[in-house]
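Take a look at the structure set out below.
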Amino acid sequence: MRLKYVLSEVLTGLWRNVTMTIAMIITMTVSLTMLGASLLLFFQVNKMEDFFYQRVEVSIFLKADVTDEQRDGIKSALDGSALVKEVTYESRDDAWKRFQTQFKDAPDLVNATKKESLPESYRVKLKDPTKVKELTAEVGTMPGVSDVVDQQELLKKVFELLGALQTLALTVAIIQGAAALLLVANTIQVAAYSKRREVAVMKLVGASNWFIQLPFVLEAVFAGLLGALLAFGGLVAAKFFFIDGSLKALANVLLPIDWSSIWLMLPVLCGAGGLVSAITAWITLRFYVRV
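Rendered as structure tokens:
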């Protein structure tokens with residue numbers, strides 16, 4: 001009997017303030033979608049860093065007038081280094097072929113580039129990708145070496161940009177979440193005020209505080225859970241139509257987001273939406289429903 005009464009009060013309260021309930025659900029959906037997207041972006045950037053940093057190489061470019069003796073000396077130094085895992089020599093012809101393959105969609109650039117402008121090089125994979133400075137100190141000043149380029153430095157700028165996007169997405173999610181919580185608190189206040197006479201009567205006949213507060217809390221939880229489900233649906237749609245659809249061509253550069261990561265967002269969003277809404281509603285009611 002009590003459960004039936006509580007549920008009927010929840011439905012009545014939601015319908016009585018239907019416009020505010022819809023606004024609360026929409027705000028929760030937007031904020032939780034941003035939260036889920038920022039979490040996915042955060043995990044994805046970390047995954048990309050681990051993936052690419054383990055595959056980056058150090059390019060040791062040779063001078064145009066390098067001699068065979070100098071070239072062999074550099075190769076011997078690399079083979080004997082305790083830092084080096086693997087060494088690959090790339091001649092000027094190999095560099096030219098790779099350049100043509102990489103920029104085959106830009107024929108004007110290929111035609112404007114001369115093979116002689118592409119230096120020969122050694123591509124080095126390190127046992128520890130963080131030991132680039134040590135390797136540079138070993139071979140950077142050897143005769144015939146023109147420059148030592150660390151691909152990590154190039155990737156670092158990309159990851160700094162992605163990190164900024166992480167921060168921006170998380171900031172927007174926090175602002176949206178704060179707006180959603182204020183809307184939840186305001187909705188509960190209005191609902192409690194509209195039922196102030198009923199609440200007063202229930203308190204006079206001895207109803208417990210939790211029994212009076214429960215319908216209001218469940219209203220907020222309902223809005224939070226529905227917003228979380230809609231937010232999860234938005235993430236699934238983005239994965240299906242964009243990540244696996246129109247943006248699928250970028251999968252080789254931006255690692256694809258696994259479905260396991262998407263499904264992980266369901267309990268996270270539901271927990272955040274339901275729990276935070278319940279706590280907000282309970283704190284709000286502490287100021288309006290007192291025993």
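With full-length UniProt numbering, letter number 151 in the sequence shown gets 151, and the count goes up by one each step, no holes.
Just so it is clear, CB atoms sit at the ideal spot from N, CA and C, and this is done for glycine as well.
- Message: Bridge partners for F61 per DSSP, in chain order?
- Response: S121 and D147
- For V18, is the classification buried or exposed, using 16 other Cβ atoms within 10 angstroms of its Cβ as the cut-off for buried? exposed
- Task: Return the CA-CA distance between L170 and V145, expressed in angstroms with no decimal places.
- Result: 45 Å
- Which residue or residues does DSSP assign as beta-bridge partners of L126? V84
- Message: On the DSSP letters alone, give me the boundaries of the alpha helix (DSSP H) that A281 sits inside.
- Response: W259 to L285
- Query: Does the separation of the CB atoms of M48 and G224 fall below 8 Å?
  - Reply: no
- What does E90 pair with, by DSSP beta-bridge criteria? S121
- Query: For M142, which of helix, strand or coil comes out of DSSP?
  - Reply: coil
- Message: Does K97 come out as helix, strand or coil in the three-state DSSP assignment?
- Response: helix
- Message: Between the region 54-70 and the region 135-154, can you find at least three pairs of beta-carbon atoms closer than 8 Å?
- Response: yes
- Chain-order list of residues whose beta-carbon lies under 7 Å from that of L78 (same chain, five-residue window excluded): V84, V87, Y122, V124 and V139
- Straight-line gap, W96 to T67 (C-alpha atoms, nearest Å): 20 Å
- Using a threshold of 8 Å, state whether the C-beta atoms of V56 and L135 are closer than that. no
- Can you give the Cα-Cα distance for M1 and A272, rounded to whole angstroms? Model confidence at M1 stands at a pLDDT of 44, short of 50, so the residue's coordinates are unreliable; what they give is reported in the following sentence. Going by the C-alpha atoms only, they are around 30 Å apart.
- Query: Per DSSP, what kind of secondary structure is F52 in: helix, strand or coil?
  - Reply: helix
- Close beta carbons around L183, own chain, < 7 Å, minus the five adjacent residues each side: A23, M24 and T27
- Helix, strand or coil for A137, going by three-state DSSP, please let me know. helix
- Say whether the region 276-283 touches the region 34-51, bearing in mind that this needs 3 or more beta-carbon pairs closer than 8 Å, one atom from each stretch. no
- Query: Just how far apart, CA to CA, sit Y89 and L39?
  - Reply: 41 Å
- With 16 other Cβ atoms within 10 Å as the buried cut-off, status of I257: buried
- Spatial neighbours of I243 in its chain, beta-carbon cut-off 6 Å, leaving aside the 5 residues before and after: I257
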